[in-house]
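Presented below is the structure to which this report refers.
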Amino acid sequence: MLLSGADTPASGALLPQTHIAIVPASRIIAAHEDAFALMRAERGELPRAVNFVSGPSCTRDIEQTIVLGAHGPYRVHVIVVCGA
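Take our numbering: the last position of the sequence shown gets the number 86, and nothing is skipped along the way.
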């Protein structure tokens with residue numbers, strides 16, 4: 003879940019071909035609702051944009067041809083860091 007802000011434009015989630023996320027295991031939650039609850043608890047207000055990066059999109063909008071990664075990264079790598 004990426005939040006937009008003055009230092010983090012929403013396009014940062016959409017433009018890279020490869021997205022690499024380094025995530026502490028303690029920050030992994032079960033549902034979107036949990037993510038929004040955590041965001042409200044930590045930030046208080048909703049940002050202008052919230053992006054969920056889950057993997058390459060798949061669309062047939064471009065001349066009925068399957069295109070991967072048309073609306074976000076083509077590759078997603080997640081590194082989970084277990085606490086010490």
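For glycine and all other residues, C-beta sits at the position ideal for the given N, C-alpha and C. Since we're looking at a predicted model, the values are computed, not measured.
- Excluding the 5 residues flanking it on each side, Ser6 has same chain C-beta neighbours closer than 6 Å at Ala12, Pro49, Arg50, Ala51, in chain order.
- Counting the other Cβ atoms within 10 Å of the Cβ of His34 gives fewer than 16, which makes it exposed.
- DSSP places Ala23 within a strand segment (E or B) once states are collapsed to three.
- Per DSSP, His34 lies in no beta strand (DSSP E); the unbroken alpha helix (DSSP H) holding it starts and ends at 34-45.
- The Cβ atoms of Ala39 and Val82 lie no closer than 8 Å to each other.
- Put simply, of Cys60, Glu65, Thr67 the residue whose alpha carbon is nearest the alpha carbon of Pro75 is Cys60.
- The DSSP-derived three-state label of Gly74 is coil.
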